[in-house]
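Structure first, then comments.
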Amino acid sequence: MYKNGVANIKNFLAIVLFVLIIGASACNKEVVKENGEASERKSVKEENVVKVEEAEKLFKGYYTARYTIKDPANPPTFAKIADNVKEYLSEDEYNAQILNRNYSIPSLVAKEINKSIVVQDVKLEEQRKNEDGTIDYTYTTEFKVYDENSSKVYEKEGEVTITTIDHELKVTRDWSRGIKIDGLDGGL
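In this text, residue positions in the sequence shown follow the working numbering: the first is -11, and each later residue adds one.
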């Protein structure tokens, strides 16, 4: 019994250490380039001013890569979706979404209801420019869920934060309220 207690404590300490390491790396304000040199993230205010149209284009590309399921019988894998969205996200946001298994949801939904999913439209509304140079937006995204017999459009609302990293727009935070899909207990 004593050995099991020690093993449980060791496992608990290992988990705590892992969480601390992940948390510390998430707080790091530098991005390491492939050649090993660190480059500091530049805020939006240090770069060019971000136009809402540019932010919408980035966000629509990201949501299209994340949610489009053309063939529900053969949806893209978690790894394929993760690879498709990587260019749109900051490293921290990408890693957080990997840990949360966000990229498996669209494929599971499409397969469960046997319908395709496509992003039809996104609308961003700027909420505030933050001191760190990031910009917070609220968003509404329209998804069409369809098959050869039926089609329905769903709206998903949420919040997103966008910044410029190495002269490229990147999503640094994406939070949504989720939507209930007909025929499922859950949704997107």
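C-beta: ideal position from N, C-alpha, C; glycine also. Nothing here was measured: the structure is a model prediction, and the numbers come from that model.
Among the options, nearest to residue i - alpha-carbon criterion
i    : options               : result
K132 : T126, Y142, K48       : Y142
D135 : A43, I105, E75, I153  : I105
D154 : N62, E79, V40, K48    : E79
A67  : K140, F47, P94        : P94
K103 : D71, W163, N62        : N62
K140 : G166, Q108, S164      : Q108
K45  : V110, T56, D59, K58   : V110
E114 : L87, G166, N137, G146 : G146
Whole-number beta carbon distance between residue j and residue i, since they are thought to touch under 8 angstroms
i    : j    : result
R54  : V73  : 5 angstroms
T129 : Y76  : Wrong, their Cβ atoms sit about 14 angstroms apart, outside the cutoff.
L112 : K144 : Not confirmed; about 13 angstroms, so no contact.
Sheet register partners of residue i (DSSP bridge)
i    : result
E143 : E130
Y55  : None, per the DSSP bridge assignment.
E113 : T126
D71  : D71 is not bridged to any residue.
G175 : K168
K158 : T151
S138 : The partner list for S138 (beta bridge, DSSP) is empty, contrary to what the question assumes.
I93  : The partner list for I93 (beta bridge, DSSP) is empty, contrary to what the question assumes.
V107 : F131
Contacting residues, own chain, Cβ-Cβ under 8 angstroms from residue i (five flanking each side not counted)
i    : result
V32  : The predicted model places V32 with a pLDDT of 42, which falls under 50 and marks its position as unreliable, so this point remains unresolved.
L172 : V97, E100, I101
I169 : V97, I101, V133, Y142, G175, L176
F0   : Bear in mind that the predicted position of F0 carries a pLDDT of just 44, short of 50, making it unreliable; the figure below should be weighed with that in mind. Around F0: no qualifying Cβ.
V159 : L46, F47, Y50, Y76, L77, S78, E81, V148, T149, I150
N137 : none
Cβ neighbours of residue i in the same chain (closer than 7 angstroms, five flanking residues each side left out)
i    : result
R161 : E81, V148, T149
E42  : L157
P190 : No information on residue 190 is available, as it lies outside the stretch -11 to 176 that the chain covers here.
G49  : Y76
V40  : L112, E114
I9   : Confidence is the limiting factor: at I9 the pLDDT is only 40, short of 50, which leaves the residue's position unreliable and the question unanswerable from this model.
K58  : S104
Same chain, Cβ closer than 6 angstroms to residue i, five either side skipped, listed in chain order
i    : result
G24  : Confidence at G24 is low in this model, with a pLDDT of 42, below 50, so the placement of that residue should be treated as unreliable; the coordinate-derived value is given next. Answer for G24: no residue qualifies.
Y91  : F66, I69, A70
S164 : K144, G146
T56  : V106
I167 : Y142, K144, G175, L176
Residue i: CB within 7 angstroms of a non-hydrogen atom of the ligand HEM
i   : result
P60 : For the structure depicted, the ligand HEM is absent and the ligand set is empty, with no information on it obtainable.
- request: Check whether the segment 113 to 129 touches the segment 76 to 92, counting contact only when three or more Cβ pairs, one atom from each stretch, lie closer than 8 angstroms.
  value: no
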